[in-house]
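A.B. asks: Numbering (the numbering used here), first residue to last: 113 to 362.
Cβ coordinates follow ideal geometry from the N, Cα and C atoms, glycine included.
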Ligand code: ADP
Ligand code: MG
């Protein structure tokens with residue numbers, strides 16, 4: 113069964129008497145274990161799609177089955193419960209609290225969930241170790257590089273043990289070398305069984321995904337599988353193998 117299954121989804125924003133169709137009949141299904149990139153120009157609807165997929169926003173029309181559960185008509189509160197249990201988020205701007213240590217930033221979702229302090233610390237330390245920041249837990253964001261800050265954000269997304277990791281332009285504020293490192297982390301987490309969907313407008317970043325969906329004017333215009341570039345290999349400075357031509361999904 114698909115983990116994510118949206119059908120004929122629209123999202124219409126009304127501003128006065130203006131109507132913006134940010135999503136215009138989108139259907140997409142994602143199997144457990146996929147690493148999917150959503151690409152498209154600025155304003156094409158990528159973030160809107162990610163927000164719907166991530167249960168941050170409800171579609172205007174259409175259906176959404178998340179792990180078999182119809183979430184398209186849930187109340188805001190019920191949607192939040194499902195979201196917190198299933199999905200971890202990473203954003204372009206990291207969204208870390210600046211006067212707070214890496215450890216406390218990662219603890220935050222557990223604090224909201226009412227997890228006792230000792231357990232919080234244990235889980236947050238494990239998540240930071242998993243992203244390679246075991247030695248930097250006491251650092252504040254301004255004592256960390258952009259790549260390290262994004263790792264803290266990934267650890268915060270992972271700490272609740274989500275099945276899905278969703279990232280909106282996660283490398284948008286990073287240089288190309290650091291971007292590859294973050295993609296290596298996503299590939300590693302994906303190999304460990306986490307389904308990853310990420311939004312990017314950079315083909316260099318989408319090259320690390322096994323499936324690439326292109327969005328234009330609120331519609332999916334292509335959906336292709338490819339042999340992903342291996343980020344570890346790219347980091348080692350080896351020439352990445354040239355991927356064969358994209359194969360259009362049946
Ligand atoms: P992308 O992430 O691909 O740049 P978005 O999903 O942010 O695109 O936006 C898609 C379209 O919807 C754009 O025309 C944008 O201006 C519009 N839009 C997005 N969010 C809102 C909002 N909250 N209110 C009104 N219009 C919005
Ligand atoms: Mg966007």
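Starting from residue 292, trace the alpha helix (DSSP H) in both directions and tell me its first and last residue.
C.D. replies: For residue 292, the enclosing alpha helix (DSSP H) stretches over residues 288-303.
A.B. asks: Here's the rule: buried if 16 or more other CB atoms are within 10 angstroms of the residue's CB, otherwise exposed. What is residue 321?
C.D. replies: buried
A.B. asks: Hey, residue 286 and residue 266 are a contact pair by Cβ (cut 8 Å); roughly how many whole angstroms apart?
C.D. replies: Going by Cβ atoms, the distance from residue 286 to residue 266 rounds to 12 Å, so no, they are not a contact pair.
A.B. asks: Please find out if some non-hydrogen atom of the ligand ADP comes closer than 6 Å to the beta-carbon of residue 289.
C.D. replies: no
A.B. asks: Near residue 306, what residues of its chain come up, given a Cβ to Cβ distance below 6 Å and the 5 sequence neighbours on each side ignored?
C.D. replies: 277
A.B. asks: Is it true that the segment 165-176 meets the segment 241-250, where meeting means three or more beta-carbon pairs spaced less than 8 Å apart?
C.D. replies: no
A.B. asks: Residues in its own chain within less than 8 Å of residue 316 by CB, not counting five upstream and five downstream?
C.D. replies: Excluding the 5 residues flanking it on each side, residue 316 has same chain C-beta neighbours closer than 8 Å at 288, 291, in chain order.
A.B. asks: Give the secondary structure of residue 172 by DSSP, where H, G and I count as helix, E and B as strand, and everything else as coil.
C.D. replies: coil
A.B. asks: Name the residue from 346, 241, 133 whose alpha carbon lies nearest to the alpha carbon of residue 160.
C.D. replies: 133
A.B. asks: With which residues is residue 132 paired in a DSSP beta bridge?
C.D. replies: 125
A.B. asks: For residue 143, count neighbouring C-beta atoms within 10 Å of its own C-beta (all shown protein chains included) and say buried if the count is 16 or more, exposed if not.
C.D. replies: exposed
A.B. asks: Measure the Cβ-Cβ separation of residue 140 and residue 122 and say whether it is below 7 Å.
C.D. replies: no
A.B. asks: Kindly indicate the opening and closing residues of the beta strand (DSSP E) around residue 278.
C.D. replies: Note, residue 278: beta strand (DSSP E), 276-280.
A.B. asks: In whole angstroms, give me the CA-to-CA distance for residue 193 and residue 236.
C.D. replies: 20 Å
A.B. asks: Anyone know if the C-beta pair for residue 186 and residue 253 falls short of 7 Å?
C.D. replies: Contact annotation: residue 186 and residue 253 have beta-carbon atoms that are not nearer than 7 Å.
A.B. asks: Measuring only the C-alpha atoms, how far is residue 157 from residue 330?
C.D. replies: 5 Å
A.B. asks: Opposite residue 326 in the DSSP bridges: which residues?
C.D. replies: 151, 334
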